[in-house]
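For the sequence shown, our numbering gives the first residue as 1090, with consecutive numbering after it.
Just so you know, even glycine gets a beta-carbon here, dropped at the ideal spot from N, CA and C.
None of the values given here were measured: they were computed from a predicted structure.
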Amino acid sequence: MRLRNILIVVKDIEKSKKFYHDLFGLDIILDNDGNVILTEGLVLQDEKVWKEVVPENNSCELYFEERNIETFTEKLEKLYPETKYVTRLMTYSWGQKVIRFYDLDGNLIEVRTPMRG
């Protein structure tokens, strides 16, 4: 058995496709009636479709690694200045850098530099 996809619920699927393409370079593999499969295994599902199946939401976080995190942060601030942050770009005592923010629908995203070693 293997994990194939991670699905998140979004209010505006068109804006979300652009958001994940602009910031993470994810491209559309399949766009089918309220479900969009992106590269790297992320699936966007229209909130209307989700509510037909599941009445509640569960907490989760999307985790990405990026070596050039300063450039990523600049791109985020430039393209999406209205972004709500949990943690602005910071460096842990062990040297790893991290930024946490919400996507357009309040899904939590964490971007870190890879661990050395």
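(request) Given a cut-off of 8 Å, decide if L1112 and L1168 are closer than it, judged by their beta-carbon atoms. (result) yes
(message) Less than 8 Å between the C-beta atoms of I1188 and T1176, yes or no?
(response) yes
(message) Tell me which residue opens and which closes the beta strand (DSSP E) that D1120 is part of.
(response) I1117 to N1121
(message) Let's see if you can read the secondary structure: which residues bound the beta strand (DSSP E) around L1193?
(response) That residue, L1193, is in no beta strand (DSSP E); it is neither H nor E in DSSP.
(request) Examine chain D for any beta-carbon lying closer than 8 Å to the beta-carbon of L1197, and answer yes or no. (result) Checking the listed chains, one finds no chain D in this structure; it contains a single protein chain.
(message) So if DSSP puts K1164 in a beta bridge, which residue, or which two residues, is it bridged to?
(response) BP columns for K1164 are empty, so no partner.
(request) Name the two residues that bound the continuous alpha helix (DSSP H) containing Y1109. (result) I1102 to F1113
(request) Kindly confirm or deny that the stretch 1097-1107 and the stretch 1130-1140 touch, where touching means at least three C-beta pairs closer than 8 Å. (result) yes
(message) Considering only their Cβ atoms, is the gap separating K1186 from R1205 smaller than 8 Å?
(response) no
(message) Between the alpha carbons of L1127 and W1183, how many angstroms are there, rounded?
(response) 33 Å
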